[in-house]
Amino acid sequence: MAIEIRDVNKSFGTTPVLRDVSLDVAAGSLTALLGPSGGGKSTLLRVIAGLERPDTGTVRISGVDATRLSPQRRNVGFVFQHYAAFKHLTVFRNVAFGLEIRKRPKAEIRKRVMELLELVHLEKLADRYPSQLSGGQRQRMALARALAVEPQVLLLDEPFGALDAQVRKELRAWLRRLHDEVHVTTVFVTHDQEEAIEVADTIVVLAGGEVVQTGSPVEVYDNPANPFVMRFLGPVTELGGSLVRPHDIEISQDPVEGGSPAVVSRVVRLGFEARVEVEIDGREAWVQVTREQADRLGLEPGDTVHVRPLPGARSLALAV
Amino acid sequence: MTAITVRPVRRPAGGTAAGLGVAVLYLSLIVLIPLAAVVWRSADQGPGYFWRSVTTPDAWAALTLTIGASALVALINLVMGTAIAWVLVRDRFPGRAVLDTIIDLPFALPTIVAGLVLLALYGPQSPLGINLAYSRAGVVLALMFVTLPFVVRTVQPVLLELDTEMEQAAASLGAGPFQIFRRVILPNLIPAMLSGTALAFTRAIAEFGSTVLISGNLPFKTQVAAVNIFGQIESDNTTGAAAISTVLLAVALVALITLDALQRWGSRRG
């Protein structure tokens, strides 16, 4: 295991932010800490980096107890949401920083920095200052800077949170590819379930300072541990007292076994899919269908249809 | 058959032009014209007279003392002002808000009152047993007192705005506290430190009120340039007074330009 966290507790004042958190991160994995804001995920990341001290519990990095080690001696790379670029240094010197601190020979530094700048596609901007870069470029520079010292683990705190949607999408795909090339154990914090599912190979859901569920994106999406995780990872609707994914509901004009009658209240077309809003016994629900299905069924508001969960669909009973 | 392209020239809008006019007029009346008059006056009786006025033993002594003491005070401010700003921004202690307010006192106090206070505390009847009256150390002390806020007040806002994540990033890259200070914090503070120092220096070379009591105004020993100028005017040597003033003006200008150039050089990189 690259990172082993055991029974970590942390409070700010009287507010507990981490409660008995235990977690293993496999070497070479790309793990997402996913959860709503205030769930403790950033604090956990900072505890791993040594930027926060846990009140109790231990953190081991590559088998070494790092609980009492200062950030300087942990050899982790940390990437901040707002880049934390050294404003007074060029892109080259930013990336070289950790190597200069380690007093590596000049020629070696030059070679390594240029390699990294090529990796993050900034080799042409080596002499620029951070203020002359776009947000996406700054974050790639910050990533190269963190990678320069060959960290044992790379930690990213909402790395794409400050970027606009388009750049965020590009950087996600790029981070995934980069990880496939570099293979450094990586943990990133996000509150965006789509980002976690798309990029990570393991998702750790944190809420209220506790680890709620750990698993691959498919496991967490298909077998959520509780209604909270199910709601957080994707769209849900209520059907017969259970939580169901709206794309796991079958809709038909004729009565079906196990189906309930429903009245269509609205049909919304969203590009390739359609959202059918229905009312079942006075309760609202919605069904996600393809555009083609919607056309075939010819649904109009006021129509009576029959809905039932698809066979094998995951549903979670809600407490009444 | 030449095509003439008319390029639209951007003119300041009416409001902007009026604003600019008022600003220039105001600046001229309050600052530029009086300064020009002093320079003009100093050249009244030719460059020879100018040179002789500036190099009379007492004038020269006053000028070198003033510039030397001011440079020393500026350096002390550079270090101490930054340290005070650091404590005010980064440390939490009871009475911080009070201390923060007290920093401005030397600005608010009439300088002659400052002189009086210093004389009472460090004069012949000093309750501390420290007598700096009529000594050059007294002059330096008075200048330190009146210029204290400059560096503090220019560095403080920059330090407040400084991204502490930069320091955390440096720490996780292996930099120790001293390396973080030298490689990350200091380079970001230097422009503000320099501009505060320049202001402190230029204020110190013109100081009159606070030094006049504690220095005793002994010619060749503790008389500062401003007091010397005052003396020249009292003895009806207006041209001589204007000549010494012009030298002070030139020194202040050179100091401001040099530090501004240093800052531009710094900000071009940042």
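Chains as they are written, first to last, in the working numbering: chain A, 1 to 320; chain B, 321 to 590.
All residues carry an ideal CB built from backbone N, CA and C; glycine is no exception.
Item                                                                                                                                      : Value
Minimum Cβ-Cβ distance from M464 of chain B to chain A less than 7 Å                                                                      : no
Alpha-carbon to alpha-carbon, S315 of chain A and S260 of chain A                                                                         : 16 Å
Whole beta strand (DSSP E) elements within the region 118–174 of chain A, 3-residue minimum                                               : 153–157
As assigned by DSSP and simplified to three states, the class of G435 of chain B                                                          : helix
Stretch-stretch touch, CB-based, cutoff 8 Å, three pairs: the region 129–140 of chain A with the region 82–89 of chain A                  : yes
Close beta carbons around T67 of chain A, own chain, < 6 Å, minus the five adjacent residues each side                                    : T58 and V59
Closer than 7 Å to chain C by CB, I61 of chain A                                                                                          : No chain C appears in the structure shown, which is made up of the protein chains A and B.
With 16 other Cβ atoms within 10 Å as the buried cut-off, status of K10 of chain A                                                        : buried
With 16 other Cβ atoms within 10 Å as the buried cut-off, status of R412 of chain B                                                       : exposed
Span separating the alpha-carbon of A343 of chain B from that of I353 of chain B                                                          : 14 Å
Contact set between G98 of chain A and chain B, taken where Cβ atoms lie within less than 7 Å                                             : L493 and G494
First through last residue of the alpha helix (DSSP H) which encompasses G215 of chain A                                                  : Per DSSP, G215 of chain A belongs to no alpha helix (DSSP H); it is in the beta strand (DSSP E), E210 to G215.
Contact residues within the region 84–115 of chain A, judged by C-beta distance below 7 Å to chain B                                      : A84, F86, K87, H88, F97, G98, I101 and R102
Three CB pairs or more closer than 8 Å across the region 464–481 of chain B and the region 504–518 of chain B                             : yes
Nearest candidate by alpha-carbon position, reference A403 of chain B, set B:V471, B:T484, B:A526 and B:A562                              : B:V471
Contacts around G28 of chain A, its chain only, beta-carbon distance under 8 Å, and the 5 residues preceding and following it disregarded : A2, H183, V184 and T185
Chain A within 7 Å of E485 of chain B, Cβ atoms only                                                                                      : yes
Contact with chain A by N508 of chain B, beta-carbon distance below 7 Å                                                                   : yes
Buried/exposed call for V399 of chain B, threshold 16 Cβ in 10 Å                                                                          : exposed
Beta carbon of V393 of chain B nearer than 7 Å to that of T431 of chain B                                                                 : no
Contact check, L297 of chain A vs A196 of chain A, beta carbons under 7 Å                                                                 : no
Ordered list of alpha helix (DSSP H) runs contained in the region 26–98 of chain A, each at least 4 residues                              : 41–49
Under 7 Å from the C-beta of A49 of chain A: neighbouring residues of chain B                                                             : S492
A294 of chain A versus W286 of chain A - alpha carbon distance                                                                            : 13 Å
Contiguous alpha helix (DSSP H) assignments of at least 4 residues, all confined to the region 525–565 of chain B                         : 529–535 and 545–554
CA nearest to the CA of V120 of chain A, picked from A:I109, A:V95, A:A107 and A:I101                                                     : A:V95
Euclidean distance between Cα positions of S265 of chain A and L310 of chain A                                                            : 21 Å
Beta-carbon proximity list for D55 of chain A, same chain, < 7 Å, skipping 5 on both sides                                                : N9, K10 and S11
Close Cβ partners of L538 of chain B (< 7 Å) along its chain, the five nearest in sequence each way excluded                              : Y454
Chain-order list of residues whose beta-carbon lies under 6 Å from that of P217 of chain A (same chain, five-residue window excluded)     : I197 and I203
Entirely enclosed alpha helix (DSSP H) segments - the region 359–386 of chain B, minimum 4 residues                                       : 366–375
CB contact flag (L383 of chain B, A545 of chain B, <7 Å)                                                                                  : yes
Inter-residue Cα distance where the pair is F272 of chain A and P246 of chain A                                                           : 15 Å
N- and C-terminal bounds of the beta strand (DSSP E) containing D7 of chain A                                                             : I3 to F12
Inter-stretch contact (C-beta, 8 Å, three-pair minimum) for the region 551–560 of chain B and the region 488–500 of chain B               : no
Environment of K111 of chain A [buried if 16+ CB atoms lie within 10 Å]                                                                   : exposed
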